[in-house]
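If you're matching positions, the sequence shown starts at 647 in my numbering and goes up one per residue.
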Amino acid sequence: MIYRDPETARHAHTQRAEYLEVLQQQELGDALANPADMAHHLSRRARGLPFWFSVATHGTEAYEEAMEITLQVTREATQLIKNAPYLELLLEPELSVIVFKRIGWTPQQYQAWSDKMLNEGRAFVVPTTLNGETIFRFCIINPRTTIDEVLDIINSLE
């Protein structure tokens, strides 16, 4: 952006808060340290840049392969949940999110199991709600996640 008087733009758009000071860069003369100080629409970070760089580096085939792996693990995990008599699949997954419940559990039991799994470093599966009912959801996003790891988590719900 080009301004006749950049200080006027900075004065209009700069936001100051003590908790944000660690995020602010030092300004040197007329050099712009934070683009958000110049216009409100520049306040968002370029979230697409890391993704673009990754695709440019690894190629679309690597992403396609990773997605296929996660979708395959999702399909297999869905079948394991359907076969477990103590679990109920609530929605057929469209991508890699599996929504299910542990039959007969209270919200406190969901939370206790979730805390245990996290404390043991086995899984990060937190309870959520669907139509007022406490449930779980798996989100398979890491192509290194194996069906054996998911099976271990499912078996721990028994």
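Even glycine gets a Cβ: it sits at the ideal position worked out from N, Cα and C.
Closest by C-alpha distance to residue i, when choosing among the options
| i | options | result |
| --- | --- | --- |
| THR752 | TRP698, GLY705, THR780 | THR780 |
| VAL745 | LEU776, ILE648, MET763, GLU653 | LEU776 |
| VAL771 | GLY778, ASN765, ARG783 | ARG783 |
| LEU803 | GLY778, ARG768, CYS785, THR791 | ARG768 |
| ILE799 | CYS785, MET763, PRO789 | MET763 |
| ILE727 | PHE699, ARG748, THR791 | ARG748 |
| TYR709 | TYR732, PRO789, ILE793 | PRO789 |
Alpha-carbon to alpha-carbon, residue j and residue i
| i | j | result |
| --- | --- | --- |
| MET713 | ILE787 | 8 angstroms |
| GLY600 | LEU695 | In the structure as shown, the chain begins at 647 and stops at 804. Residue 600 is therefore absent and cannot be evaluated. |
| ALA692 | GLU707 | 24 angstroms |
| ILE793 | SER760 | 19 angstroms |
| GLY731 | ASN765 | Checking the displayed sequence, the identity of residue 731 turns out to be Pro instead of Gly. Their backbone Cα atoms lie some 26 angstroms apart in a straight line. |
| ASN801 | HIS704 | 36 angstroms |
| GLN754 | ASN729 | 25 angstroms |
| VAL701 | CYS785 | 22 angstroms |
| HIS657 | LEU733 | 58 angstroms |
Spatial neighbours of residue i in its chain, beta-carbon cut-off 6 angstroms, leaving aside the 5 residues before and after
| i | result |
| --- | --- |
| LEU737 | VAL745 |
| VAL796 | ALA723 |
| ASP651 | none |
| TRP698 | none |
Proximal residues to residue i (C-beta, below 8 angstroms), its chain only, five neighbours per side dropped
| i | result |
| --- | --- |
| GLN757 | PRO773 |
| LEU741 | LEU717, THR720 |
| THR724 | LEU735, GLU738, PRO739, ILE744 |
| THR791 | THR716, VAL719 |
| LYS711 | One point to set straight first is that residue 711 is Glu, not Lys, in the sequence displayed. Here the set comprises PRO789. |
| GLY750 | TYR732 |
| GLU653 | none |
Bridge partner(s) assigned by DSSP for residue i
| i | result |
| --- | --- |
| ARG838 | The question about residue 838 has no answer here: the residues shown for the chain are numbered 647 through 804. |
| ALA779 | Correcting the residue type first, residue 779 is Glu in the shown sequence and not Ala. Paired residue(s): LEU776. |
| VAL796 | Per DSSP, none; premise fails for VAL796. |
| VAL743 | CYS785 |
Boundaries of the alpha helix (DSSP H) in which residue i is found, first to last residue
| i | result |
| --- | --- |
| GLY694 | 694 to 704 |
| SER760 | 753 to 766 |
Cβ shell of residue i (< 7 angstroms), same chain only, five flanking positions each side left out
| i | result |
| --- | --- |
| ILE715 | PRO789 |
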